[in-house]
DNA sequence: GAAAACTAATCTGTCGAACAGACTATATGT
DNA sequence: ACATATAGTCTGTTCGACAGATTAGTTTTC
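Structural data, given as structure tokens:
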């Protein structure tokens with residue numbers, strides 16, 4: 001059941017977000033990339049790829065496209081000249097804001113069969129579970145989140 | 001966050017289940033097919049494909065393989081001779097039982113950062129959300145499930 | 001302080017899985 | 001009876017994922 005639920009939800013989520021992301025290159029993937037860059041600010045291109053579970057060679061051409069569209073920029077990391085820091089342009093931020101709004105609405109619709117209290121609980125548990133299950137992530141982060149969650153509940 | 005959580009969890013789930021499904025053809029997909037056939041008994045090949053969100057042309061060769069391995073059989077539906085009812089063989093049931101056990105353990109590990117009470121809640125909410133979001137499914141089913149869930153809580 | 005070992009990102013080639021579209025056989029509506 | 005629709009299969013093409021080599025820069029070690 002778990003696998004089926006996840007598959008169905010992710011598929012539906014993707015379909016709706018695909019639609020909401022029509023302004024962005026590479027659809028859902030593009031949204032995830034831009035969103036991660038803006039909201040999570042991963043330090044490097046490699047970190048970004050790891051967070052999203054995207055192959056580094058794929059990340060290269062995704063970012064090529066985003067740079068070409070003026071949504072993101074690659075800057076050399078002064079501390080390590082092999083690495084690139086990915087930073088959003090103003091245009092990128094503006095576009096993302098619009099898309100984010102549409103995505104939020106799409107997610108609401110997706111979970112519309114759940115009362116809002118249940119929705120909050122589901123989101124919190126999902127994030128917690130995902131953080132705990134994500135490979136390679138710093139365990140400290142997961143623990144900190146867990147503590148925060150317990151406290152607020 | 002929702003999209004990211006779902007993506008991460010599904011990816012991790014797939015990796016673990018891929019491992020647990022080493023006896024089956026087509027890995028995770030294979031597990032989902034066999035599991036759906038045995039536990040959900042969808043009436044036809046098309047219904048099975050719809051439930052799992054798999055293209056019908058893909059379903060054809062998945063089932064070819066399963067039939068070749070003696071795990072499933074295609075029988076003509078006496079009521080509609082275009083349709084095939086997919087039924088598991090005894091061997092198929094036995095193999096699935098083993099795989100199911102391994103999958104259950106893998107899922108436990110996947111959610112090991114959640115206390116067991118939270119785990120139950122998460123699974124219930126996920127299933128409810130997925131049932132509500134699944135396209136084309138009979139709305140009655142979703143409503144019935146929803147009622148049952150509220151009652152038991 | 002040069003060689004060796006490692007890592008970030010890119011480039012190239014290959015392969016497989018997904019999908020569109022045509023086709024067969026059966027069913028249903030007019 | 002004829003048109004239209006559906007279940008399943010088959011064929012061909014396309015596109016994205018990944019492996020592997022490459023370039024550039026960093027850290028380690030002796």
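Protein chains in written order, with full-length UniProt numbering: chain A, 1 to 153; chain B, 1 to 153.
Just so you know, even glycine gets a beta-carbon here, dropped at the ideal spot from N, CA and C.
Computed from a predicted structure; not experimentally measured.
Residues are counted here when their Cβ sits less than 8 angstroms from a Cβ of chain B; for the stretch 110-123 of chain A these are 110, 111, 112, 113, 114, 118, 121, 122 and 123, given in chain order.
A straight-line Cα-Cα distance of about 18 angstroms links residue 119 (chain A) and residue 17 (chain A). Assigned with DSSP and collapsed to three states, residue 74 (chain B) falls in strand. With a cutoff of 7 angstroms on beta-carbon distance, residue 122 (chain B) and residue 133 (chain A) are scored as not near each other.
Inclusion of residue 84 (chain A) and residue 32 (chain A) in the CB contact set at 7 angstroms is not warranted, their separation being larger than that value. Counting other Cβ atoms within 10 Å of its Cβ, residue 40 (chain A) stays below 16 and is therefore classed as exposed. Of the residues B:47, B:35, B:54 and B:80, the one whose Cα lies closest to the Cα of residue 89 (chain B) is B:35. Within the UniProt domain "HTH marR-type" (1-131) of chain A, the complete beta strand (DSSP E) segments of 3 residues or longer fall at 72-76 and 84-88, listed in chain order. A Cβ of chain B is located within less than 7 angstroms of the beta carbon of residue 107 (chain A). At the C-beta level, residue 130 (chain B) and residue 14 (chain A) stay beyond 7 angstroms of one another. Across the structure, residue 57 (chain A) and residue 113 (chain B) are spaced so that their CA atoms are roughly 32 angstroms apart. If you ignore the 5 residues before and after residue 73 (chain B), its C-beta comes within less than 7 angstroms of the C-beta of 67, 87 and 89, all in its own chain and listed in chain order. In the three-state reduction of the DSSP assignment, residue 133 (chain B) falls in the helix class. Look at residue 11 (chain B): its C-beta is under 7 angstroms from a C-beta on chain A. Distance check between residue 103 (chain A) and each of A:77, A:8 and A:23 places A:23 closest, using alpha-carbon atoms only. The closest CA to that of residue 43 (chain A), considering only A:20, A:82 and A:28, is found on A:82. The Cβ atoms of residue 124 (chain B) and residue 20 (chain B) lie no closer than 7 angstroms to each other. Taking 7 angstroms as the cut-off, the beta carbon of residue 11 (chain A) is found closer than this to the beta carbon of residue 53 (chain B). Of all residues in the stretch 49-65 of chain B, the ones placed with a Cβ closer than 7 angstroms to any Cβ belonging to chain A are 53, in chain order. Using beta-carbon distances, residue 20 (chain A) does not count as an interface residue toward chain B, since no partner is under 7 angstroms. Taking CB atoms only, residue 97 (chain A) has no neighbour in chain B less than 7 angstroms away. Between the C-alpha atoms of residue 51 (chain A) and residue 79 (chain B) there is a straight-line separation of about 51 angstroms. Annotation: residue 62 (chain A) to residue 55 (chain A) spans about 11 angstroms, alpha carbon to alpha carbon.
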